[in-house]
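For the protein sequence lines, the chains are H and X, in the order given.
Position one of the first sequence corresponds to residue 2 (the numbering used here), numbered consecutively onward.
Position one of the second sequence corresponds to residue 86 (the numbering used here), numbered consecutively onward.
Glycine is no exception: its CB is placed at the ideal position from the N, C-alpha and C atoms.
Here's the structure, in structure tokens; my notes come after.
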Amino acid sequence: DSGVTQTPKHLITATGQRVTLRCSPRSGDLSVYWYQQSLDQGLQFLIQYYNGEERAKGNILERFSAQQFPDLHSELNLSSLELGDSALYFCASSVVPGPALNEQFFGPGTRLTVL
Amino acid sequence: AQTVTQSQPEMSVQEAETVTLSCTYDTSESDYYLFWYKQPPSRQMILVIRQEAYKQQNATENRFSVNFQKAAKSFSLKISDSQLGDAAMYFCALDDKIIFGKGTRLHILP
Numbered sequence: 002d003s004g005v006t007q008t009p010k011h012l013i014t015a016t017g018q019r020v021t022l023r024c025s026p027r028s029g030d031l032s033v034y035w036y037q038q039s040l041d042q043g044l045q046f047l048i049q050y051y052n053g054e055e056r057a058k059g060n061i062l063e064r065f066s067a068q069q070f071p072d073l074h075s076e077l078n079l080s081s082l083e084l085g086d087s088a089l090y091f092c093a094s095s096v097v098p099g100p101a102l103n104e105q106f107f108g109p110g111t112r113l114t115v116l
Numbered sequence: 086a087q088t089v090t091q092s093q094p095e096m097s098v099q100e101a102e103t104v105t106l107s108c109t110y111d112t113s114e115s116d117y118y119l120f121w122y123k124q125p126p127s128r129q130m131i132l133v134i135r136q137e138a139y140k141q142q143n144a145t146e147n148r149f150s151v152n153f154q155k156a157a158k159s160f161s162l163k164i165s166d167s168q169l170g171d172a173a174m175y176f177c178a179l180d181d182k183i184i185f186g187k188g189t190r191l192h193i194l195p
């Protein structure tokens, strides 16, 4: 158990809909990272927040957005969903500003299925 | 642009044998970290080993070791005495811009 929690574990929705994925970092960690892993693909870094501020941006679509709240939990919002958005979405946290992959602790992921 | 390439989509090894997974990368940075992650069927991402680019000595973690060739931009993972629990997807990663390879699926044959 990494100490990073993600909810929900599974999410099934329809094309065109909007969903919100939630991540709670480890206690004391200020950075939150979001990743997308499509079927049999490696992880794609989406975005990082550090202490409430956007810190780094990866391959995040304009239909996706994220934020980090004062209690440091983060939400990833996915809108106008397409079939290709079906994937496993990971959150990771670290205490440092990043990128520092070695310092990141990964959550269990949220599996999103778009029908 | 930074890239990470894993040229072996799948590999198989006999239990107790040794296997090497390949990874090449490209970056313009001189200081960076490289990683190997393991993703078992549970989908949890598990850090296996890391290498700091400025260190010439290859990293080792028990049965896992790397062959880091900085000039060739090569970073292979060697697993010795393979065990059934080593069966997983293995991802090579570069932390300069947080880039992962597409992975190698490793099968362990009993």
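Interface flag for Ala178 (chain X) against chain H is set, since a Cβ pair is found closer than 7 Å.
Contact annotation: Glu100 (chain X) and Ile184 (chain X) have beta-carbon atoms that are not nearer than 7 Å. Interface flag for Ile134 (chain X) against chain H is unset, since no Cβ pair is found closer than 7 Å.
The Cβ neighbour count for Thr112 (chain X), taken over all protein chains shown within 10 Å, is at least 16; the residue is labelled buried.
Boundaries for Met130 (chain X): no beta strand (DSSP E) harbours it, and the DSSP string shows neither H nor E there. Inclusion of Asn78 (chain H) and Ser94 (chain H) in the CB contact set at 7 Å is not warranted, their separation being larger than that value.
In this structure, Ser150 (chain X) sits away from Val104 (chain X), with a CB-CB distance that is not shorter than 7 Å. As a beta-bridge residue in DSSP terms, Glu76 (chain H) pairs with H:Arg23 and H:Gln68. The three-state secondary structure of Asn103 (chain H), taken from DSSP, is helix. The beta carbons of Gln93 (chain X) and Leu119 (chain X) sit about 17 Å from each other, so the pair does not count as a contact at 8 Å. The beta carbon of Leu116 (chain H) lies closer than 6 Å to those of Ala15 in the same chain, with the five residues before and after it left out.
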